[in-house]
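Those letters in the sequence shown? Residues 1 to 217, per full-length UniProt numbering, in order.
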Amino acid sequence: MSARVVVLISGAGSNMAALLEAAAAPSYGAAIVAVGADRRGAEGLGRAREAGVDTFTVPFADYGDRGEWNAALSERLDACRPDLVVSAGFMRILGAEVLERHTVVNVHPALLPAFPGAHAVRDALAYGVRVTGATVHVVDSGVDTGPVIEQVAVRVEPGDDAASLHERIKAVERHMLVDVVGRLAREGWTVSGRHVRLGGTVAQQSPSTDYVAEENR
């Protein structure tokens with residue numbers, strides 16, 4: 001049985017679209033059961049509905065504080081019974097209300113731990129690095145501080161600006177995210193401290209989480 005995946009977006013959802021395309025193949029191992037957004041006008045919601053996927057919104061502005069919003073989002077995720085939640089261009093920091101109940105992975109346009117935050121591409125250029133890239137990581141309570149699952153390097157070319165560099169990063173991060181989500185779904189994973197292992201199990205350390213693909217609902 002395929003792993004149940006919920007994708008969270010804030011905008012057009014190009015990474016979401018790539019995941020939907022990949023998940024159309026039964027061999028991928030993951031089924032996108034819902035797409036959620038933090039605003040009603042997120043362009044990607046229409047693309048998801050066209051693909052026959054359920055959608056929901058939990059607008060941040062509808063709640064009195066961040067804790068209430070996180071609790072409401074967690075309830076919506078609970079209803080979807082996901083094995084994995086994918087943050088694909090979702091521009092909100094998730095709180096304990098979500099993270100204590102759901103495993104969330106995110107894709108970030110830099111080689112973490114370098115250049116966390118919302119301006120990673122600009123910051124890498126300003127620092128003068130010759131190589132940057134993209135990271136898929138498990139989301140924790142910090143800002144882009146969770147355990148790394150996979151990384152791909154992207155060289156900074158002479159004459160690059162933030163837009164041109166970001167376009168090349170987005171191309172590799174999309175492919176990497178699709179590959180990683182599929183592997184997580186098919187092989188399972190274990191998180192032990194800061195180390196993520198795909199497939200099988202490793203010696204447990206605290207805190208740790210584990211998921212075995214064969215145990216999908």
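Cβ coordinates follow ideal geometry from the N, Cα and C atoms, glycine included.
By the C-beta density criterion, Met16 is buried, having at least 16 other C-beta atoms within 10 angstroms. Burial state of Arg174 is buried, judged by a 10 Å Cβ sphere holding 16 or more other Cβ atoms. Boundaries of the alpha helix (DSSP H) harbouring Leu77: Arg66 to Cys80, taken from the DSSP string.
A straight line joining the alpha-carbon of Arg155 with that of Gly64 spans about 43 angstroms.
Take the alpha-carbon of Arg197 and the one of Gly188: they are about 9 angstroms apart.
Its chain contains no residue whose beta carbon lies nearer than 6 angstroms to that of Pro113 once the 5 sequence neighbours on both sides are disregarded.
According to the DSSP assignment, His108 belongs to the beta strand (DSSP E) that extends over Val104 to His108. With the rule of 3 Cβ pairs closer than 8 angstroms, the stretch 70–86 does not count as touching the stretch 43–53. Taking C-beta atoms under 8 angstroms as the contact rule, Ile32 and Ala23 qualify, at a distance of about 5 angstroms.
Per DSSP, reduced to three states, the secondary structure at Ser14 is helical. For Ser87, there is no enclosing alpha helix (DSSP H); the enclosing beta strand (DSSP E) has its first and last residue at Leu84 to Ser87. As computed with DSSP, Gly133 is found in a beta bridge with Ala153. Remark: C-beta atoms of Asp83 and Arg4 approach each other more closely than 7 angstroms. Distances from the alpha-carbon of Asp38 to those of Gly29, Tyr28, Ala72 and Leu20 put Ala72 closest.
The beta carbon of Gly182 lies closer than 7 angstroms to those of Ala22, Tyr28, Gly29 and Ala30 in the same chain, with the five residues before and after it left out. In the displayed model, Ala31 falls within a strand according to three-state DSSP. The criterion of a C-beta distance shorter than 7 angstroms is not satisfied by Thr145 and Ala110.
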